[in-house]
Structure formats: structure tokens, C-alpha cells
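Asker:
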């Protein structure tokens, strides 16, 4: 069986799909990753063959500019933020559609696998009559984006004879039931498995420590879009807790952080799956990958969603309501409020108890390997075909 993985040029879009891609390869199937050229190092680093569907590009570029290249002012109201995000994913789909159609015609996959907002995947699958498997990421599927995504794609959909975005033939849902939105799950439960790009695990992960350890991150999008000042403010205030501080950012962001206090043990790219088990608390933006990594580590979380990524606010509300986290949504972020909320999370064991219960819930979900037969059945293939 041939599986074509369609994705965007982003850690947040690609990394969650890697464990299932590995499971499919381990079952004897061929997997090919198709995405804009910028994803090539990431895909190759995960051990997957790669073919470009578009030239070099960055998600920030396609989200922050319209089709004519004009800058877009980011909205601050949640419904409008979701609408803008949907249009951004629509623009991504418009760019990669010709290349993805070409790859599909030449490679002739049996199945296309993609995350929910990689709209080009569903469109190509529908046009070519190929089953499409939707791989959820983070804490659920934000259908509110789809209408504006379809509106943005109207010219392309019309040209291909489609009136709207197609529905998947199979949807996989990695979000644990306790955190699903009120509308319920979107598909078959599948355990989230953390994948980090290649990295060396630092030796201090396994060393004895005398102080609590806190990891701070705003992901890959916010620091690149002006969030470095937020990080600088928090790095200056969090040492007041008497903690060791880890700052997880892209390596090229570190110089923007300025002089680091002695409390900072490390700053730069950190493999979360290896580092988080050594921590006591995570302060982050509530991006899907970071949130799930913290859940897998059984850690309390302080959530500070950033206004440039719409779904973070809804995700933060759900994790907070569950009882394993606190959230601060006011902008600009108040560093003193961050310190006080971190203190409460470190001192009140109820947050850790809930976090560990959530980790156990995820561990009990079916593994990626367990859902491979569903994909084989969908494609009418036998293992190893």
C-alpha cells in the first residue's frame, strides 16, 4: 500500500503525523511525504522520503499575507481569528494544489494522509477518487476555520468541479476524551505519541537537582512574530520562584533574548519528549504539540495563549476546566501574574494529580500501530502489499 502524507511547512503540522507514518512503514507499506520544499530537512530528519509540492515558504508568510502579498492585520477577537486562520490554510492549499495533484498522478497512492486543515489533501483525494485519512493534531478539530478556508479556495474548488471541502473517509482523533470540545470527538481515538526532530539529549536531564524545574516556551510561531519581548519579560520574572528555568525556542531566536539570568539552565531547541519528564511545570502558549507533550509528561501547565494563533484560546479553556492547568488570557501578559500562578501550580498538588490522571487516560488509548488495519481496510490492502 502507498500512503501519501500531505502537510505544510511547519513543525506543528508535520510532527504529530510522524508516529503513524512510522507505524505504516513498520507494517510494510510505502510512505512518501509531500509538502512545500521548506519541510524537506524536517521530513528527511524523521526518516521519511520527501517530494516538494511547492518552493520554499514559511507558514508565517502565508498566514500574514493575502494572495497579492499584502500584509494582513491580525484580528484580536476569537471568531475573527479563526476566520483568518481558515483563510490562511486556504491560501496554503491554493499554493500546493498543482504540485500535490502532479505527485498524486505520478506516484498513484492508495491513501492520502493529512491533518485537518491541509485542505489540498482532501481536495486531491476527492478529485482522484482516493481514500483520505484525516489525522487530528492537538486538542481537536476547529471546524469554524473550514468555511473561510473554503471561501478562500472558491476559485480552485470551482475549477475542479467541487462545491465545498470534502469530508475524510476516516478521521483519527488523538485528543483524550476528557478534553474534547462540547461537540464531541471527530473520529476514531488514537493515542498521541510525541515526536521531536533529531536532537541530542542533554546530560543534565538525568542529574539530581535541588530546585524545581520549569520549562518556558511560546512555540515556533509567536517568537518569530514578535513574541520575543514576551519571552524576555518572563525570563526576567520567573527566577523569583527559585526555579531552574529551561527556555525552549528555535536556536535562531536565542540571540533575541538578550543576557540570560543564572537561573536559565538552557535556552534553544529542546527535545520535549526527553526534557519534560525532568520538569515540574510548563509555561506555554497552548499550541497543540506542546500541550500534548506536557500531558504525556503528566505535568501541570500555565497557559498563556497568543493572539496570533486562534485555536489556543479554546484549547486553554478546556485544559483549565479539566483541572490540570491555569490560564492567563489578558494581553499584554503580566509577568507578576505569571509568577503568582506558577507558584500556585507548584504548591497545590491537585493540579499534578489531575495531570497524571490525564496522562494515564492518553496511555490507555489505541496506539498508532493499532489503527493501521483500519487504513489497510479503507484502501482494500493487505499488510505488506
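Residue numbers (our numbering): 159 to 543.
C-beta atoms are modelled at their ideal positions from N, C-alpha and C, and glycine is treated no differently.
Treat the numbers as computed from the prediction; the structure is a model and nothing was measured.
#1: Excluding sequence positions up to five away, which residues of its chain have a Cβ less than 7 Å from the Cβ of residue 209?
#2: To the nearest angstrom, report how far apart residue 463 and residue 388 are at their CA atoms.
#3: At 4 residues or longer, and completely inside the stretch 210-275: list those alpha helix (DSSP H) runs for me, N to C.
#4: Under a three-way DSSP split, which group does residue 469 fall into?
#5: Short of 7 Å in beta carbon distance, which residues of its chain neighbour residue 524, apart from the five on each side in sequence? Order them along the chain.
#6: Going by Cα to Cα distance, which pick from 287, 255, 368 is closest to residue 314?
#7: Mind checking whether residue 444 and residue 457 have CB atoms under 7 Å apart?
#8: Would you mind giving the Cβ-Cβ distance between residue 159 and residue 534, rounded to the nearest angstrom? I have them listed as a contact below 8 Å.
#9: Less than 7 Å between C-beta atoms, sequence neighbours within five positions excluded: which residues of the same chain meet that for residue 425?
#10: How big is the Cα-Cα spacing for residue 332 and residue 420?
#11: Taking buried to mean at least 16 other C-beta atoms within 10 Å of its own C-beta, is residue 247 buried or exposed?
#12: Closest to residue 396 by CA distance: which of 322, 494, 336, 311 is it?
#13: Which residues does DSSP pair with residue 290 in a beta bridge?
#14: Distance check for residue 364 and residue 319, CA to CA, integer angstroms please.
#15: Report all residues from its chain with a CB closer than 6 Å to the CB of residue 485; omit the five preceding and five following residues, and keep chain order.
#16: Evaluate residue 508 with the Cβ neighbour count: other Cβ atoms within 10 Å of its Cβ, from every protein chain shown; 16 or more gives buried, anything less gives exposed.
#17: Relative to the C-alpha of residue 194, which residue among 222, 253, 185, 223 is closest?
#18: Would you report the Cα separation of residue 543 and residue 162, rounded to the nearest angstrom?
#19: Among residues of its own chain, excluding the 5 on either side of residue 390, which ones have a beta-carbon nearer than 7 Å to its beta-carbon?
#20: Is the Cβ-Cβ distance between residue 328 and residue 182 less than 7 Å?
#21: In chain order, what residues of the same chain lie with their CB nearer than 8 Å to the CB of residue 266, ignoring the 5 residues before and after it?
#22: Decide if residue 358 is buried, meaning its Cβ has at least 16 other Cβ atoms within 10 Å, or exposed.
#23: Bridge partners of residue 189, per DSSP?
#24: Using 8 Å for Cβ pairs, my map puts residue 295 next to residue 170. What's the rounded Cβ distance?
#25: Please classify residue 194: does DSSP put it in a helix, a strand, or coil?
#26: Measure the Cβ-Cβ separation of residue 166 and residue 356 and say whether it is below 7 Å.
#27: As a quick exercise: from 345, 297, 302, 326, pick the residue whose alpha carbon is nearest that of residue 285.
#28: Verify whether the separation of the beta carbon atoms of residue 367 and residue 310 is less than 7 Å.
#29: Identify, in the order they occur along the chain, each residue of the same chain with its Cβ nearer than 6 Å to the Cβ of residue 401, setting aside the five sequence neighbours on each side.
#30: Where do the N-terminal and C-terminal ends of the beta strand (DSSP E) with residue 365 fall, by residue?
Answerer: Reading off the structure:
#1: One-based indexing of the chain shown puts residue 209 at position 51. 190, 192, 261.
#2: Your numbering for residue 463 matches position 305 in the chain shown. Your numbering for residue 388 matches position 230 in the chain shown. Each residue's alpha carbon lies about 12 Å from the other.
#3: 217-222, 236-265
#4: As a position in the chain shown, residue 469 is number 311, starting the count at 1. Residue 469 falls in the helix class under three-state DSSP.
#5: Looking up residue 524 in the chain shown gives position 366. Contacts found: 347, 348, 349.
#6: Numbered from 1 along the chain shown, position 156 holds the residue referred to as residue 314. Answer by Cα proximity: 255.
#7: Counted from its first residue, the chain shown places residue 444 at position 286. Counted from its first residue, the chain shown places residue 457 at position 299. Contact flag unset, no.
#8: Position 1 of the chain shown holds residue 159. Position 376 of the chain shown holds residue 534. 6 Å between Cβ atoms; contact.
#9: Taking the chain shown and counting its residues from 1, the one referred to as residue 425 is at position 267. Cβ neighbours of residue 425 beyond the five flanking positions: 405, 407, 412, 415, 418.
#10: Within the chain shown, residue 332 is the residue found at index 174, counting from 1. Within the chain shown, residue 420 is the residue found at index 262, counting from 1. Rounded to the nearest angstrom, the two C-alpha atoms are 38 Å apart.
#11: Numbered from 1 along the chain shown, position 89 holds the residue referred to as residue 247. Buried, by the Cβ-count rule.
#12: Mapped onto the chain shown, residue 396 falls at position 238. Nearest of 322, 494, 336, 311 to residue 396, Cα basis: 494.
#13: Position 132 of the chain shown, counted from the first residue, corresponds to residue 290. 270.
#14: One-based indexing of the chain shown puts residue 319 at position 161. One-based indexing of the chain shown puts residue 364 at position 206. Between residue 319 and residue 364, the C-alpha separation is close to 57 Å.
#15: Working through the chain shown from its first residue, we reach residue 485 at position 327. Here the set comprises 461, 474, 478.
#16: Numbered from its first residue, the chain shown carries residue 508 at position 350. When all chains shown are included, residue 508 counts as exposed.
#17: Counting from 1 along the chain shown, the entry for residue 194 is found at position 36. For the residues 222, 253, 185, 223, the minimum Cα distance to residue 194 belongs to 253.
#18: If you number the chain shown from 1, residue 543 lands on position 385. If you number the chain shown from 1, residue 162 lands on position 4. Summary for residue 543: the model assigns pLDDT 42, below 50, so the residue's position carries little reliability; its value from the coordinates is reported in the next sentence. Roughly 15 Å separates the two Cα atoms.
#19: On the chain shown, position 232 is the one that residue 390 refers to. Once the five neighbours on either side are set aside, the close Cβ partners of residue 390 are 415, 416.
#20: Stepping through the chain shown from its first residue, residue 328 is reached at position 170. Stepping through the chain shown from its first residue, residue 182 is reached at position 24. Not closer than 7 Å, so no.
#21: By 1-based counting over the chain shown, the position of residue 266 is 108. Counting only Cβ-Cβ distances below 8 Å, and skipping sequence neighbours, we find 160.
#22: Counting from one through the chain shown, the residue named residue 358 turns up at place 200. Exposed: under 16 other Cβ atoms inside 10 Å.
#23: Within the chain shown, the letter at position 31 stands for residue 189. Per DSSP, 161.
#24: Looking up residue 295 in the chain shown gives position 137. Looking up residue 170 in the chain shown gives position 12. The Cβ separation is near 7 Å, so the contact holds.
#25: Working through the chain shown from its first residue, we reach residue 194 at position 36. The answer is strand: DSSP assigns residue 194 an E or B state.
#26: What you label residue 166 is simply residue 8 of the chain shown in a count that begins at 1. What you label residue 356 is simply residue 198 of the chain shown in a count that begins at 1. Contact: no.
#27: As a working note, residue 285 is residue 127 in the chain shown. When only C-alpha atoms are compared, the closest one is 326.
#28: Taking the chain shown and counting its residues from 1, the one referred to as residue 367 is at position 209. Taking the chain shown and counting its residues from 1, the one referred to as residue 310 is at position 152. Their beta carbons are not under 7 Å apart, which means residue 367 does not touch residue 310 by this criterion.
#29: The residue labelled residue 401 in the question sits at position 243 within the chain shown. So the list reads 369, 370, 372, once near-sequence residues are dropped.
#30: Working through the chain shown from its first residue, we reach residue 365 at position 207. First-last for residue 365: undefined, no H or E at that position.
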